[in-house]
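Under the numbering used here, residue 773 is the last one in the sequence shown; the count climbs by one each step, no gaps.
Shown next, in structure tokens, is the structure this report addresses.
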Amino acid sequence: MAQSFDYDSATHGPDEGHTEASPLERLAEIAARTAEETGKFANVDAILRIPVTMQVVLGSATIPVANLMKLGRGAVVPLDHRVGEPVDVVVNGRVVARGEVVVVEEDNSRFGVSLTEIVGPLGQGDT
């Protein structure tokens with residue numbers, strides 16, 4: 647059984663008053679509204695394809711310039727993070743998660759990060 651479509655309620659709210667519009671004008675309004683809503687989804691797809699820079703911060707160090715100038719091949723610079731402490735996962739300069747450094751199973755010559763905590767919008771962790 648075919649269903650009828652009420653153009654008046656589709657183009658105007660149920661309580662809105664309206665002037666008589668031709669069926670062609672009503673159809674144009676419906677098409678414009680549909681295109682607007684479809685465009686919203688297309689914009690999301692475009693946003694999801696934007697590349698971002700992701701970094702894993704193993705630690706940092708503050709040293710005087712004189713000590714920096716003395717560094718050479720084989721020098722070890724101690725970092726503020728200790729072995730086993732979580733590392734920060736940074737996207738475009740903002741901490742978004744924390745995790746543990748792991749060795750990638752498929753390729754033992756590469757490291758990865760196992761996420762243990764997702765940082766909330768206010769900097770609070772969601773475990």
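We treat Cβ as the ideally placed atom computed from N, Cα and C, and that holds for glycine.
Because the structure is a prediction, the values reported are computed rather than measured.
Query - Cutoff 8 Å: Ala678 Cβ touching any chain B Cβ - result: Here chain B cannot be found, since the structure has a single protein chain.
Query - Local Cβ density within 10 Å of Ile709, reported as buried at 16 or more and exposed below that - result: With a threshold of 16 other beta carbon atoms within 10 Å, Ile709 falls short and is exposed.
Report task. Take Ser760 and list the residues in its own chain whose beta-carbon comes closer than 6 Å to its own, dropping the five residues that flank it on each side. Result -> If we look at Ser760 and ignore the five residues flanking it on each side, its Cβ neighbours are Gly745, Glu746 and Val748.
Query raised in the report: In three-state terms, what does DSSP make of Thr680?
Result: If DSSP states are grouped into helix, strand and coil, Thr680 belongs with the helices.
Report task. Decide if the region 687-701 is in contact with the region 718-726; the criterion is three or more beta carbon pairs, one per stretch, under 8 Å apart. Result -> The count of Cβ pairs closer than 8 Å, one atom from the region 687-701 and one from the region 718-726, stays below three, leaving the stretches out of contact.
**Report entry** 8 Å contact criterion, which Leu733 and Val711 should meet: CB distance rounded
**Finding:** In the sequence under discussion, the amino acid at residue 733 is Val, which differs from the Leu named in the question. Not confirmed; about 27 Å, so no contact.
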